[in-house]
Amino acid sequence: MQQKKHREIQFYVVLFIIGVMVSGVTAFPIQTGINILAGYRHHFPAPMEQWILQLQNGINETWFKFPFIAYGTDWLAFAHIMIGVAFIGVYKHPVRNQWVVQWAIICCICVIPTAFICGWIRQIPFFHILIDCSFGVFGLALLLLIKHKITVFKHHIHR
């Protein structure tokens, strides 16, 4: 029974690791990604279509004139990969490393005010802010499930 509960935790931890790493790694090819997305812009509502074109123009122009700016998104991708790596400890020893889950829960909660504050300052459209917030919300949901499973696992061990 104990091993089954540990494997359950591991399954959800792997889902979180994959999610955080995939969302981060997409920052490496950001120019390629926006150019591909722009090819499908007609499938989106008009405000999103305009925003996609504005993003494409801004990224392409910036990367052409100031390619070193892309180094910032490289570090963004790296940070996401390292967050995923931090969860290897949770995968191996969930009770001992539950602090990582608690830290990530705080991070996911902080995504929402950060998206609204920085989004407003940077004049990001509301729908894009909501997309950014969704990463925090989905991450939080998965992390709360992991936290619950670790709590149940911990109580089962100490019986």
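32 is the number of the first residue of the sequence shown in the numbering used here; add one for each residue after it. Note that CB positions come from ideal geometry on N, CA and C, so glycine has one too. Predicted model only: the values in this text are computed from it and were never measured.
- Task: Within 10 angstroms of the Cβ of ALA135, are there 16 or more other Cβ atoms? Answer buried if so, exposed if not.
- Result: ALA135 is classed as buried because its beta carbon has at least 16 other beta carbons within 10 Å across all chains shown.
- Query: Hey, out of GLN154, GLN62, ILE160, whose CA is closest to ASP105's CA?
  - Reply: Ranking the options by Cα distance to ASP105, first place goes to GLN62.
- Going by alpha carbons, who is nearest to VAL51 out of ILE143, VAL131, ALA110? Minimum Cα distance to VAL51 is reached at ALA110.
- Message: If I measure Cβ to Cβ from LEU86 and keep anything under 7 Å in the same chain, skipping five residues before and after, which residues do I get?
- Response: The residues are ILE65.
- Beta-carbon gap between VAL121 and VAL131 smaller than 8 Å: Their beta carbons are under 8 Å apart, which means VAL121 touches VAL131 by this criterion.
- Message: Using the three-state DSSP reduction, which class does ASN128 fall into: helix, strand or coil?
- Response: DSSP, reduced to helix, strand and coil, places ASN128 outside both helices and strands of the structure shown, so it counts as coil.
- Can GLY55 and ALA101 be called in contact, C-beta distance under 8 Å? No, they are not a contact pair.
- When you compare only the Cα positions, how much space is there between PHE47 and PRO125? Approximately 14 Å between the Cα atoms of the pair.
- Query: Given that a residue counts as buried once 16 or more other Cβ atoms are within 10 Å of its Cβ, and exposed if not, what is LEU84?
  - Reply: Exposed is the call here.
- Message: Taking 8 Å as the threshold (beta carbon to beta carbon), is ALA69 in contact with chain C?
- Response: Included in the structure is just one protein chain, with no chain C present.
- Query: Which residues bound the alpha helix (DSSP H) around TYR43?
  - Reply: Here the alpha helix (DSSP H) through TYR43 covers 33–56.
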